[in-house]
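For reference, the structure is listed below as structure tokens.
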Amino acid sequence: MKVLVPAQLPTPRSIKMSNNFFAMQTMKHCEAVSEFHSRSELYFGALLESDVAVQCYVPQPFRITLPSGRKYQPDFWVKRITGQEIVYEVTTPARRPGRPVKAATRYLESYGMMYRLVETPAIFQRELEAENWLAIIRRLTGFRELELAELMRRILTLVQHLGATPLGYLVEHFEQQRSDEVLVAAYRLLHEGRLGADLETQPISLQTEVNPDGDLA
Amino acid sequence: MATWRENLTHDSSLGRIADWPPVSLHHLTADRRSTYQRRYRAVALVLEGKTIEAAARLTRFSKGQVSKLMDRCLGTDSERLHPALSLGLVPDARLSEFRRNPQKPLKGGAGAFHAYLSKHPSIVEALDQMLLGDLKNRADAQRLTPKSFHKEFIELAKRVGTRADEYPFTTHLYGREASRQYFHRRRKELDPRPKRRHFRPDAHRPRITPNEIFNVVELDEHTIDAESAVRLDIDPQRVLKDLRVPRFMLALAVDTTSTAIVGVTFSFSKNPTEYALLRCLDSVENGSRVAVPGWLEPSSFPACLPQDDYQQIRALPGELRIDNALAHYSLHAHRIVCERWRSILNFGIPALPLARQIVEATFRKLEQEIHRLRSTSGTSVTDPNRESKSLRKRPPKVTLALLIAIVYQLVHTHNNKPIASFSNRTPTQYLLDSIQSGWLCRTLPPHVRGQPIWDKQKRCTVRNYGDPHSRINLLNVMYTGSCLTSIYKGQAVIAKYDVRDVRTVDVYTLKGAYIGRLHAPRRWLHHPHTEKERISIYRDHRRMVAQSRDPIGDLYRRHMEAGGKFALKALKMVDDSHSPGLNRIAYSSGIESTERNAKLKKKRRFTLEGS
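First to last, the protein sequences are chains G and L.
Here the first sequence is numbered in my numbering, starting from 28 and rising by one per residue.
Here the second sequence is numbered in my numbering, starting from 40 and rising by one per residue.
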């Protein structure tokens with residue numbers, strides 16, 4: 028079987044200058060810096076981070092040559108925990124007709140991948156959720172190497188005992204720990220889907236309540 | 040034509056001076072402001088019912104002056120159909136459009152350019168054709184600039200037979216300025232293309248953001264035209280030289296939520312530089328404070344949230360928005376933002392400065408106080424108001440240190456000025472209140488906290504060709520040290536150094552064990568110098584490097600002695616290494632240093648060649 032290895036293609040300066048370019052570190056993409064060519068791509072990356080069914084993803088994964096000879100670079104390669112590989116193209120509704128959907132689907136099927144289009148209005152509908160997840164990811168990447176298994180276990184036990192608990196209460200409760208560490212531990216539990224929180228309607232703050240109803244709880 | 044009394048009889052509401060449109064006194068000079076207030080009082084007294092004589096006596100005007108003033112404010116004539124009201128109180132304000140006397144000979148003066156064009160319609164037609172050709176991108180059309188437009192205008196003037204003692208040849212500088220203004224105005228009028236508006240939904244839509252301090256920080260640089268003086272010394276003779284600094288670049292980082300300025304720095308270069316950007320990022324991370332001896336106490340002079348005063352609101356930006364300046368593509372800066380701060384770096388949408396509107400608005404506010412428009416205030420070479428040659432030989436009384444101190448004071452004032460939309464709280468109070476109400480604050484992880492942002496590391500191989508000491512090749516020179524013994528020969532090591540001073544580097548094994556400190560060859564140890572400086576000296580002055588025993592000092596002296604724009608290059612050398620050890624900027628009055636220079640010159644008979 029043919030293999031297509033996804034690895035983030037470096038963005039040339041001309042693209043950085045002509046697009047609304049974003050760069051940041053993420054958790055599920057192991058490169059030093061993930062590069063996004065628009066705000067909608069950035070938000071889509073954040074929403075992939077929030078999805079516990081996503082194992083890893085790569086933005087700007089590869090450049091392929093379609094049977095027609097056209098060079099094509101999709102926006103995301105996503106691997107789900109089931110092993111399924113999906114290639115996403117983030118597009119505006121106006122540009123949708125110009126996307127090589129049939130050719131790309133046929134081409135990627137030969138590599139065992141699926142091809143999907145995502146429209147930007149659908150992403151911007153979940154803007155606040157994406158912004159909240161970006162805030163979470165920013166804090167998590169800074170403390171990636173920190174060993175917090177014991178603190179996470181204690182936080183999980185406390186939340187299961189108390190029910191919905193504000194983040195501020197957790198910081199006060201574990202006052203012998205640094206507030207950064209408590210927040211990182213709670214965020215890791217959210218990221219792993221072992222805790223849940225209402226991130227769709229409220230901006231994240233110390234008043235945000237975490238609950239034991241995570242996706243994998 | 041109607042007198043002020045007739046207008047008042049016709050419309051009595053004109054008599055309520057409190058309802059007249061307000062005038063921004065802030066924009067008037069002190070003299071004009073005082074005259075405006077006297078005039079206001081005089082008119083108010085007359086409108087209250089006092090006689091003109093009484094009003095004149097109380098406001099120290101003559102009767103005729105008060106009478107003329109009343110007509111100026113409330114009278115109308117064929118050119119002025121509506122009363123000028125409060126605009127009439129402003130000294131020297133033009134109430135009606137200027138019309139040049141047609142009988143006046145066309146030698147120059149106000150309105151000469153338009154009078155000349157109305158006399159020669161063929162020139163107007165030819166200029167319009169040129170502009171239209173350029174706007175429509177015609178293949179045979181010239182790509183016009185104000186300079187080339189003026190050149191064409193002069194050619195046309197010669198072609199229609201204008202004599203050399205007539206306008207525009209009599210007042211060349213005025214003619215050039217008038218042609219520049221006409222070029223821009225007429226180009227706008229003739230532009231056949233519909234005005235395009237850049238509309239990007241994700242740039243204009245209001246965004247709901249997480250409750251995090253410094254969630255979005257915008258960073259930008261502007262060139263500020265304000266003349267000042269700086270005193271540099273020529274080592275080792277200790278002879279001081281005063282330099283005029285016509286402009287400097289100010290970089291600001293502004294938090295969009297609170298509008299607080301969280302980072303500030305300045306540089307002598309015209310365009311943004313990598314080091315200026317790094318200094319601004321350093322200022323965002325650690326705060327900044329400037330201390331000028333003898334002017335203000337350092338404690339009264341916090342610039343933008345200095346660390347010791349505002350420790351609780353010290354936070355890292357969530358998203359840093361910068362523009363497409365070339366220096367912003369610095370890899371070092373990218374590493375700081377993305378890998379050290381773990382923030383989002385955004386270059387913004389091209390040609391859309393509105394995407395960074397908060398920082399642009401902050402610049403507009405600051406520039407009201409310090410920026411001088413080049414075309415109006417004598418700073419441009421083409422400006423007739425430019426100061427005389429004899430005066431220009433002396434340095435300006437405002438030293439650079441004082442100017443920078445003023446900028447920092449303005450930044451401090453901005454951060455501590457109540458804002459109506461924040462319920463009369465200052466940006467600093469707003470941030471403190473946000474933290475009280477549970478906003479999140481993201482700081483550096485503990486393992487990064489001690490490392491300065493200026494550190495850079497490179498992987499090198501240890502070389503030894505039978506010498507007693509091993510060495511590494513880095514930044515064009517060999518670094519040696521007793522710690523680097525022959526056991527490391529052929530091994531890869533990590534060299535870590537401060538980019539502002541590359542005289543020494545710390546060397547580590549690949550596993551992170553500290554080996555020791557290496558130093559550059561002796562001739563590079565005289566002055567601290569930056570990585571960029573070393574590379575550029577090797578690139579541009581390789582022959583001098585081969586011959587000199589002190590390349591940095593020699594290049595610095597060479598620039599200083601050459602004077603003019605080269606002296607500013609010397610200033611930039613000092614600017615880049617920015618204080619550690621290189622105390623070549625003397626913070627004192629420029630005039631004192633000139634006097635001292637004269638004495639020194641007399642005493643030592645110092646000649647430039649002798650250095």
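Glycine included, every Cβ here is placed at the ideal spot set by N, Cα and C.
Taking a Cβ-Cβ cut-off of 8 Å, the neighbours of G/Pro230 in chain L comprise Ile247, Thr248, Pro249, Asn250, given in sequence order. In terms of beta-carbon proximity, G/Ala191 stays away from the interface with chain L, with every pair separated by 7 Å or more. By the criterion of a C-beta distance shorter than 8 Å, L/Arg72 is surrounded in its chain by Leu64, once the five residues flanking it on both sides are discounted.
Those residues of the segment 51-72 of chain G placed with their C-beta closer than 8 Å to a C-beta in chain L are Met51, Gln52, Ala59, Val60, Ser65, Arg66, Ser67, Leu69, ordered along the chain. In the DSSP annotation of this structure, the continuous segment of the alpha helix (DSSP H) that includes L/Asn454 starts and ends at 439-454. Below the 9 Å Cβ cutoff, chain L contributes no neighbours of G/Ala34, its closest Cβ being approximately 18 Å away. Chain G places a beta carbon closer than 7 Å to that of L/Phe386, counting this residue as a contact. Between L/Ala265 and the set L/Thr210, L/Thr68, L/Pro434, the nearest pair of CA atoms involves L/Pro434.
Look at G/Arg153 here: in three-state DSSP terms it is coil, with no helix or strand label.
The continuous beta strand (DSSP E) containing L/Lys495 extends over residues 494-502.
Bounds of the alpha helix (DSSP H) holding L/His598 are 590-601.
In the three-state reduction of the DSSP assignment, G/Cys83 falls in the strand class.
In this model, G/Glu227 and G/Glu156 are separated by some 5 Å (Cα to Cα). Here DSSP, grouped into helix, strand and coil, assigns L/Arg374 to helix. The closest CA to that of L/Val293, considering only L/Asp281, L/Leu258, L/Leu317, is found on L/Leu258. Per DSSP, the unbroken alpha helix (DSSP H) holding G/Ile182 starts and ends at 176-189. When 9 Å is used as the limit between beta carbons, L/Ser267 is near no residue of chain G, the shortest such separation being about 34 Å.
Rounded to the nearest whole angstrom, the CA to CA distance from L/Gln181 to L/Ser369 is 37 Å.
In chain order, Lys55, Lys106 place their CB closer than 6 Å to the CB of G/Cys83, counting only its own chain and leaving out the 5 sequence neighbours on each side. Taking a Cβ-Cβ cut-off of 8 Å, the neighbours of L/Thr482 in chain G comprise Asp207, given in sequence order. Bounds of the alpha helix (DSSP H) holding L/Glu164 are 160-174.
Between L/Pro567 and the set L/Thr184, L/Pro185, L/Tyr536, L/Leu523, the nearest pair of CA atoms involves L/Tyr536.
For G/Gln152, the closest Cβ of chain L is not nearer than 7 Å. Contact between L/Ser382 and G/Arg165 is confirmed by a C-beta separation of about 6 Å, below the 8 Å threshold. Assignment of G/Phe103 by DSSP, reduced to helix, strand and coil, places it in the strand class.
Boundaries of the beta strand (DSSP E) harbouring L/Val516: 516-519, taken from the DSSP string. In the DSSP assignment, the residues bridged to L/Glu260 are L/Ala290. For G/Thr168, a Cβ of chain L is located within less than 7 Å of the residue's own Cβ.
Within the same chain, Phe307, Ser308 come within 7 Å of L/Lys611 by CB-CB distance, once the 5 residues on both sides are set aside. In this structure, L/Val323 places its C-beta atom within 7 Å of the C-beta atom of L/Gly302. At least one beta carbon of chain G lies nearer than 7 Å to the beta carbon of L/Arg381.
Separation of the CB atoms of L/Gly477 and L/Asn250 is rounded to 7 Å, and the pair is thereby assigned contact status at 8 Å.
The beta-carbon separation of L/Thr548 and L/His558, rounded to 19 Å, does not stay under the 8 Å limit for a contact.
The beta-carbon distance between G/Ala50 and G/Glu58, rounded to whole angstroms, is 10 Å. This is too long to meet the 8 Å contact definition.
Per the C-alpha coordinates, the member of L/Leu170, L/His486, L/Glu313, L/Asn176 positioned closest to L/Arg226 is L/Leu170.
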